[in-house]
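The working numbering applies: residue 75 is where the sequence shown begins, and numbers increase by one. Ideal Cβ positions, reconstructed from N, Cα and C, are used throughout, including at glycine. Values in this document were obtained by computation on a predicted structure and should not be read as measured data. These notes concern the structure reproduced below.
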Amino acid sequence: MNQHKRSPHSIFDFTYSLGKFLLFLIKLQVFWFLSVLKGCILLGTFPASVTVLKFFYHLFEEKQIPQVLYSDFQTSFNNLFISTNQLGYAAGMLLGFLWMDLRIAAVYLQNPFIHMGILLLFIATVIVILYLFPVFLRYDLSFTQYFKQALFLSLCSLIETVAIILGIFVVTAVSTFFPILTIVAFVPLFCLPLSWFSLQSMIKIEEKNRTLTQ
Numbered sequence: 075m076n077q078h079k080r081s082p083h084s085i086f087d088f089t090y091s092l093g094k095f096l097l098f099l100i101k102l103q104v105f106w107f108l109s110v111l112k113g114c115i116l117l118g119t120f121p122a123s124v125t126v127l128k129f130f131y132h133l134f135e136e137k138q139i140p141q142v143l144y145s146d147f148q149t150s151f152n153n154l155f156i157s158t159n160q161l162g163y164a165a166g167m168l169l170g171f172l173w174m175d176l177r178i179a180a181v182y183l184q185n186p187f188i189h190m191g192i193l194l195l196f197i198a199t200v201i202v203i204l205y206l207f208p209v210f211l212r213y214d215l216s217f218t219q220y221f222k223q224a225l226f227l228s229l230c231s232l233i234e235t236v237a238i239i240l241g242i243f244v245v246t247a248v249s250t251f252f253p254i255l256t257i258v259a260f261v262p263l264f265c266l267p268l269s270w271f272s273l274q275s276m277i278k279i280e281e282k283n284r285t286l287t288q
């Protein structure tokens with residue numbers, strides 16, 4: 075007999091787990107959308123998105139799919155509302171400032187070295203911001219320390235950073251070929267590689283710190 079053949083029971087378990095995970099993604103997308111509308115879009119996007127990240131961290135650390143109820147999502151949304159908007163719009167203003175500098179350098183200065191320098195700074199800032207909300211969810215720091223810790227992680231986690239970028243690229247590419255994903259699960263799928271690889275980065279740094287202090 076073929077000992078490697080899967081039993082019907084294991085196939086059923088896999089199918090059930092996959093269906094449960096897909097339902098988890100769809101629920102997160104629906105709750106995210108409703109919460110963004112509740113915050114009039116401009117004030118709802120950051121707390122809703124960070125709440126999605128929070129549920130993914132729970133999934134990875136507890137190793138089981140959490141029961142996501144709208145009331146739970148809203149409780150987290152309300153608790154994160156002020157802090158995430160402060161961080162999000164501070165990061166947005168920083169990116170906006172660099173983007174304007176980039177356009178000014180391209181149109182008026184027309185110096186390739188200055189343009190390239192600002193472009194690299196813009197890309198580096200985007201990478202730092204990828205870690206900003208993961209750091210916010212895991213650590214209790216001051217406002218400026220969140221940015222410093224995000225910068226530290228981005229410098230110490232090259233592999234995880236590349237994996238996050240590739241993961242986001244893959245999700246975007248797949249959603250382009252399957253537009254239905256944009257409707258039913260784009261935000262959770264976008265947050266999935268970000269949450270997983272940022273968590274690995276933070277755990278790696280924490281383990282190194284523990285080793286050094288022993």
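Rounded straight-line distance, which links the Cα of residue j to that of residue i
i	j	result
residue 247	residue 259	14 Å
residue 250	residue 263	13 Å
residue 75	residue 131	At residue 75 the pLDDT is 45, less than 50, meaning the model places this residue with poor confidence and gives no usable figure here.
residue 126	residue 106	7 Å
residue 281	residue 161	27 Å
residue 156	residue 253	33 Å
residue 265	residue 140	16 Å
residue 216	residue 210	10 Å
residue 255	residue 103	10 Å
residue 91	residue 101	15 Å
residue 153	residue 227	25 Å
residue 167	residue 174	10 Å
Per-residue burial, residue i [other beta carbons within 10 Å of its own, 16 or more giving buried]
i	result
residue 93	exposed
residue 121	buried
residue 201	buried
residue 159	buried
residue 288	exposed
residue 276	buried
residue 142	buried
residue 205	buried
residue 149	exposed
residue 310	As displayed, the chain neither begins before 75 nor continues past 288, which places residue 310 out of reach and without an answer.
residue 84	exposed
residue 220	buried
residue 238	buried
residue 272	buried
residue 229	exposed
residue 128	buried
DSSP three-state assignment for residue i, whether helix, strand or coil
i	result
residue 288	coil
residue 282	helix
Distance cut-off 7 Å: residue i Cβ against heavy atoms of the ligand GDP
i	result
residue 257	The ligand GDP is not part of this structure, which contains no ligands at all.
C-beta neighbour in chain B for residue i, strict 8 Å
i	result
residue 278	Here chain B cannot be found, since the structure has a single protein chain.
> Can you give, in chain order, each stretch of the alpha helix (DSSP H) that sits fully within the stretch 176-252 and has at least 4 residues?
Replying inline: 186-212, 217-230, 232-251
> Considering only residues of the stretch 103-170, which uninterrupted alpha helix (DSSP H) runs meet the minimum length of 4 residues and lie entirely inside it, listed in chain order?
Replying inline: 119-136
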